[in-house]
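Novice: Numbering (the working numbering), first residue to last: 35 to 429. Mind looking over this structure? Questions follow.
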């Protein structure tokens, strides 16, 4: 694949819309942590294992999905992926026991594995010259927008109908988008064969390897927040699950705005180093915000401000993360490189939520937020290393 196309904002918008639909399905389970806990009488740790099961399915399927994108192009993978997501979303709502709920979550995660390798390739092929960071940020808004909408749909319908109803509505919306996507998006061609990705070139790219390390710590913070914001609002701040869903939606809305803004700033700063610089600032500010939560003192209004800030920083950093990652590798390696970066994010997400839940049960939320703050410090330090390596290679 090459980036010789003139660029099309209509294609960028179509891919971004696909990302919204896909994220609606996958992130529905994070919005449903409160209602699932009540429906199956789960502990905080068991809730963490539910979201971990989805991440495990997501992670296991990432490399095959990346290989399929590089081999056959992104459009075919995106179509099959979104159909699978719609079906799996219904499957979560029909799970009759906690064990089968874990299985359904894992299947949903596996279906979502197509998202990042395919959509990132589509964006890098479609973005007008010089606007790659902005276009990637716009596409990444699909993640936070989808999650925000899922938060409102799941918790809202659970309050007035049944907890399963939101999943059915989301599945119908995703299935409907498939039809429009097939008609509107052409996509790029792959290599024509399916093969195991060659990671040898990526392993020799030091900046890429360190950036993958950043992804681990970034993912730990993102997925632990996704899994426990609603429960924190209910258990520690004394509000309803619906209010918790609104708070989660707020963080995602702020993340959406930040992804667009961060991409625009990164384009002005220039290329991969500009993207790394913006991500560095976002992660450093997030450290301070986690420290505020760790004091154990925030009132509900203060918590709203802090979570809005975490939306602007932690949730808002993935767009520039992916644009930096996609820029520092060869065109034909984008699928594999994205799979590697997303795997690191997911592994962080596999480790952090259950650990966060255990800390909540034994020490309370203050220690859990301090735990995320420490992980974010580590990610910030690695971003300093990435920025220096990109600076030296540019020189």
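Backbone N, C-alpha and C fix where the C-beta goes; we use that ideal spot for every residue, glycine too. Source: prediction; values computed, not measured.
#1: Alpha carbon to alpha carbon, what distance is there between residue 351 and residue 338?
#2: Thinking C-alpha only, which one of 65, 81, 322, 62 is nearest residue 432?
#3: What are the start and end residues of the alpha helix (DSSP H) that includes residue 274?
#4: Determine whether the beta carbon atoms of residue 276 and residue 193 lie at a separation below 8 angstroms.
#5: Give me the residue from 390, 347, 247 with the minimum Cα distance to residue 492.
#6: Is the Cβ-Cβ distance between residue 176 and residue 92 less than 8 angstroms?
#7: When DSSP labels each residue in this structure, what does residue 198 get in the three-state scheme?
#8: Going by DSSP in three states, residue 162 sits in which element: helix, strand or coil?
#9: Residues in the same chain with beta-carbon distance under 8 angstroms from residue 409, minus the five sequence neighbours each way, listed in chain order, please.
#10: Report the residue from 44, 162, 215, 207 whose alpha carbon sits nearest the alpha carbon of residue 108.
#11: Just reading off the alpha helix (DSSP H) that residue 240 is part of, what are its end residues?
#12: Identify the continuous alpha helix (DSSP H) that holds residue 98 and give its terminal residues.
#13: Which of helix, strand or coil does DSSP assign to residue 299?
#14: Do you know how far the Cα of residue 293 is from the Cα of residue 140?
#15: Identify whether residue 367 lies in helix, strand or coil by the three-state DSSP scheme.
#16: Please report how far the alpha carbon of residue 317 lies from the alpha carbon of residue 88, in whole angstroms.
#17: Does the stretch 366-373 come into contact with the stretch 299-319, if we say contact requires no fewer than three beta-carbon pairs (one atom in each stretch) closer than 8 angstroms?
#18: Using the Cα positions of residue 162 and residue 367, report the straight-line distance between them to the nearest angstrom.
#19: Please name the residue in 390, 57, 356, 79 whose C-alpha comes closest to that of residue 377.
#20: In whole angstroms, what is the alpha-carbon distance linking residue 249 and residue 48?
#21: Under a Cβ-count criterion, where at least 16 other Cβ atoms within 10 Å of its own Cβ denotes burial, should residue 329 be classed as buried or exposed?
#22: Looking at the secondary structure, which residues open and close the alpha helix (DSSP H) in which residue 235 lies?
#23: Taking Cβ to Cβ, would you say residue 419 is nearer than 8 angstroms to residue 242?
#24: If you draw a straight line from the C-alpha of residue 152 to the C-alpha of residue 272, how long is it?
#25: Taking residue 50 as the reference, give the member of 154, 129, 76, 394 with the closest Cα.
#26: Whose CA, out of 63, 100, 99, 97, lies closest to the CA of residue 83?
#27: So which of 415, 234, 165, 279 has the shortest CA-CA distance to residue 353?
#28: Just how far apart, CA to CA, sit residue 392 and residue 73?
#29: For residue 335, which three-state DSSP category applies?
#30: Put residue 220 into one of helix, strand or coil per three-state DSSP.
#31: Under a Cβ-count criterion, where at least 16 other Cβ atoms within 10 Å of its own Cβ denotes burial, should residue 413 be classed as buried or exposed?
Specialist: Based on what the coordinates show:
#1: In this model, residue 338 and residue 351 are separated by some 19 angstroms (Cα to Cα).
#2: Because the chain spans 35 through 429 in this model, residue 432 falls outside it and cannot be assessed.
#3: DSSP places residue 274 outside any alpha helix (DSSP H), giving it a letter other than H or E.
#4: A contact, by the Cβ cut-off of 8 angstroms.
#5: The displayed coordinates of the chain run from 35 to 429. Any statement about residue 492 would go beyond what the structure contains.
#6: Contact flag unset, no.
#7: Here residue 198 carries a coil assignment [DSSP, helix/strand/coil].
#8: DSSP places residue 162 in coil when its eight states are reduced to three.
#9: Same-chain partners within the cutoff: 251, 254, 255, 382, 386.
#10: Closest by alpha carbon: 215.
#11: For residue 240, the enclosing alpha helix (DSSP H) covers residues 240-269.
#12: Where residue 98 is concerned, the enclosing alpha helix (DSSP H) stretches over 96-106.
#13: Residue 299: helix per DSSP, three-state reduction.
#14: CA-CA distance, residue 140 to residue 293, rounds to 28 angstroms.
#15: If DSSP states are grouped into helix, strand and coil, residue 367 belongs with the helices.
#16: One C-alpha to the other measures close to 25 angstroms.
#17: No, because fewer than three Cβ pairs between the stretch 366-373 and the stretch 299-319 fall closer than 8 angstroms, the two stretches do not touch.
#18: Cα to Cα, residue 162 sits roughly 20 angstroms from residue 367.
#19: Answer by Cα proximity: 356.
#20: Each residue's Cα considered, the two are about 26 angstroms apart.
#21: By the neighbour-count rule (16 or more Cβ atoms within 10 Å), residue 329 is not buried but exposed.
#22: Run containing residue 235: 234-237, per the alpha helix (DSSP H) assignment.
#23: The answer is no: Cβ separation not under 8 angstroms.
#24: Computed Cα separation, rounded: 41 angstroms.
#25: Checking every option, the nearest Cα to that of residue 50 belongs to 154.
#26: Checked all of 63, 100, 99, 97; the closest Cα to residue 83 is 63.
#27: Comparing Cα positions, the closest option is 165.
#28: A direct Cα-Cα distance of roughly 21 angstroms separates residue 392 from residue 73.
#29: Shown here, residue 335 sits in a helix according to DSSP, grouped into three states.
#30: It is coil, neither helix nor strand.
#31: When all chains shown are included, residue 413 counts as buried.
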